[in-house]
Amino acid sequence: SGESGAGKTESTKLLLQHIMNLCKGNSQLEQQILQVNPLLEAFGNAQTVMNDNSSRFGKYIQLRFQKNTVRGAKLSEYLLEKSRVVQQDTGERNFHIFYYMFAGLSSEEKEMYGLLDPSLYRYISGRFGTQDVAQRWKQKYQEVCNALDMVGFQEQEQVDMQAILAGVLSLGNVTFEPEERNGSVKVSEASRGWLKAAVVNVLSQLVCCVLCSPGSPSVSCCCYLCADARDSIAKVAYGRVFGWIVCKINELLAENVDPEVELSEIGILDIFGFENFAVNRFEQLCINLANEQLQHFFNHHIFQLEQAAYKEEELPWETITFNNNEPILHFVLLPCALIRFLLQPHHLLMKSAFLQATDKTFVDKLNSSFKGNLHFQPGRGRVLGFSIIHYAGKVQYTAGGFLEKNRDTLPANVRGLFINSVTPLLSALAVLWLAGLLIFLCPHQHSLMMLMERMYTANPHFVRCIKPNSQKEPGVVDSQVVLLQLRYNGLLETIRIRRDGFSWRPSFEEFAER
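First residue of the sequence shown? That's 1 in the UniProt record's numbering, and the numbers climb one at a time after it.
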């Protein structure tokens, strides 16, 4: 764990190499585990203002052992930031793979996928880069292609995958306008070319079946709903491609042993770090809630369980106090807390009342419900927002787009279009989605709950990554930046409990043998 840009992903790679070397593991398996990294980073990482190669998902790597030899591995992914596909803030980029494609595809391949100049696409906002950067992306694209081959993706599967990605970009340029004759909504004339360019050609029927009959929402609302459904399709398609890649990786790395053989396991969790930008949105709230949970998990094991064991054995011990963030979690995650207001739109999704729920009503409810709460502060000035006092400090959140980004649903008719797609891969992914592998009432909360359940069943060891400076500069240590992290992570108290406590606890048999 650690702040964004503190080196968690790089440390994970080093830790994997170290473990594989210690256990004299299968050299081919070791290479395969290390070679999937370019693939995961291309589809799951992006440039942010704090980190040029920021993980926008959490990964849990399970190494399976038999008699101290690695026999296989499994990868689980959590909390992919799908909203990045359709929107990025100033100074940030979409997922790396989109830029790698533009830099690495030949002119003929771009024509086949219907790709034009990258500056034309709304989902990447024309943020491309210099010639040097493009050359580096071209090399990265080749690494991705090599990794796809190594993992076992067939040529047609790779073509379908890139067709979906190109279709997602073209889909982002589709806009809507009122149909004068009957008051319904249609794809605007100016964007019909983009719709045609979308490889997922069944999308020509996109949400235009939303009609405005008497008593229905206004035409402007329908245009908004169509644009919302368009973005939902893009996020779902990208998320399923990413999940499919993880499934293929797991097929490659699966252990080839007798099912009756019991395997031991070491798991490594690498997840995005705490973020506090100049502008913090729904994505930062999700990321910071995950980090709040992990900080509580750390406190629980390092301070609460350890000191309880000393008291149970009646050892002379002076209690060490620590910054307990449990009240913050109660404020955010209990059924009567902040998360309830984010969940409510899901219950109203198919009702007209949902159209009346706005980011402003959401903030108004927070202000009225949590006035006086020590961990909440209402927004100030004209910016619609609020602040939360996290374990790592105060973060001010801009509430614009909160409700929209928390929705991860597709209208039923659009789900049918996915299933009947002429692109076999997209159709197959839609079937997986309907099988229940994708849709949850609140995707972030469910994914986080699954992750924490897994953590609490383990015997944990913690690697704290400390960010040396805020300028992304090598060889520079800012003592104030470092000290702040040591304090809010509870590392000063951790040093004390390790110094004064009993960090090694052998069994009687181990002690006697030594």
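In this text, a Cβ means the ideal position worked out from N, Cα and C, and glycines have one as well. Treat the numbers as computed from the prediction; the structure is a model and nothing was measured.
Euclidean distance between Cα positions of residue i and residue j
| i | j | result |
| --- | --- | --- |
| Leu99 | Ile497 | Reading the sequence as shown, one finds Tyr at residue 99 and not Leu. The straight-line gap from Cα to Cα measures roughly 48 Å. |
| Pro118 | Gln131 | 14 Å |
| Ala278 | Ile33 | 36 Å |
| Leu484 | Asn51 | 19 Å |
| Cys23 | Pro38 | 24 Å |
| Met20 | Glu30 | 7 Å |
| Glu265 | Glu3 | 27 Å |
| Lys405 | Thr48 | 18 Å |
| Glu312 | Gly501 | 14 Å |
| Phe282 | Trp317 | 43 Å |
| Leu253 | Leu16 | 14 Å |
| Arg487 | Met112 | 54 Å |
| Asp364 | Phe370 | 10 Å |
| Asp359 | Arg380 | 16 Å |
| Phe354 | Ser125 | Low confidence applies here, because Phe354 scores a pLDDT of 46, under 50, leaving its location unreliable and the question unanswered by this model. |
| Pro506 | Trp137 | 51 Å |
| Met101 | Trp504 | 51 Å |
| Cys223 | Glu189 | 14 Å |
| Val207 | Arg454 | Model confidence at Val207 stands at a pLDDT of 38, short of 50, so the residue's coordinates are unreliable and nothing is read from them. |
| Ser1 | Arg464 | 5 Å |
For residue i, three-class secondary structure by DSSP
| i | result |
| --- | --- |
| His296 | helix |
| Glu509 | helix |
| Gln377 | strand |
| Lys74 | strand |
| Glu143 | helix |
| Thr69 | strand |
| Ile271 | coil |
| Cys465 | strand |
| Val185 | strand |
| Ala166 | helix |
| Gln87 | coil |
| Tyr123 | coil |
| Asn45 | strand |
| Gln471 | coil |
| Asn367 | helix |
| Phe402 | helix |
| Glu30 | helix |
| Ile245 | helix |
Of the residues the options, the one placed nearest residue i, counting alpha carbons only
| i | options | result |
| --- | --- | --- |
| Met450 | Ser76, Gln17 and Thr48 | Ser76 |
| Val246 | Gly44, Cys223 and Phe511 | Gly44 |
| Leu225 | Gly167, Leu329, Pro259 and Thr175 | Thr175 |
| Leu120 | Glu41, Leu171, Phe272 and Ser368 | Leu171 |
| Val241 | Arg340, Gly167 and Phe272 | Gly167 |
| Ser447 | Asn146, Ser369, Ser11 and Leu289 | Leu289 |
| Lys67 | Val261, Pro474, Ser106 and Leu384 | Val261 |
| Thr494 | Glu473, Ala308, Phe462 and Gln480 | Phe462 |
Distance CB(residue i)-CB(residue j) smaller than 8 Å
| i | j | result |
| --- | --- | --- |
| Tyr391 | Gln295 | yes |
| Gly114 | Ala197 | yes |
| Val187 | Glu179 | no |
| Asn373 | Phe331 | yes |
| Leu269 | Tyr60 | yes |
| Leu329 | Leu366 | no |
| Lys74 | Asn256 | no |
| Tyr141 | Asn94 | no |
| Ile466 | Val482 | yes |
| Phe362 | Phe376 | no |
| Asn280 | Gln396 | yes |
| Leu165 | Ile97 | yes |
| Arg64 | Leu263 | yes |
| Phe298 | Ile320 | no |
| Met150 | Gln293 | no |
| Leu40 | Gly58 | no |
| Ile287 | Glu306 | no |
| Gly267 | Ala458 | yes |
| Ser54 | Gly129 | no |
| Val144 | Ala42 | yes |
* Asked: Within the chosen definition, does the region 378–394 reach the region 324–344 through at least 3 CB pairs nearer than 8 Å?
  -> Yes: the two stretches touch, three or more of their Cβ pairs being nearer than 8 Å.
* Is there contact here, the region 81–90 with the region 231–238, by at least three beta-carbon pairs under 8 Å? -> The region 81–90 vs the region 231–238: in contact.
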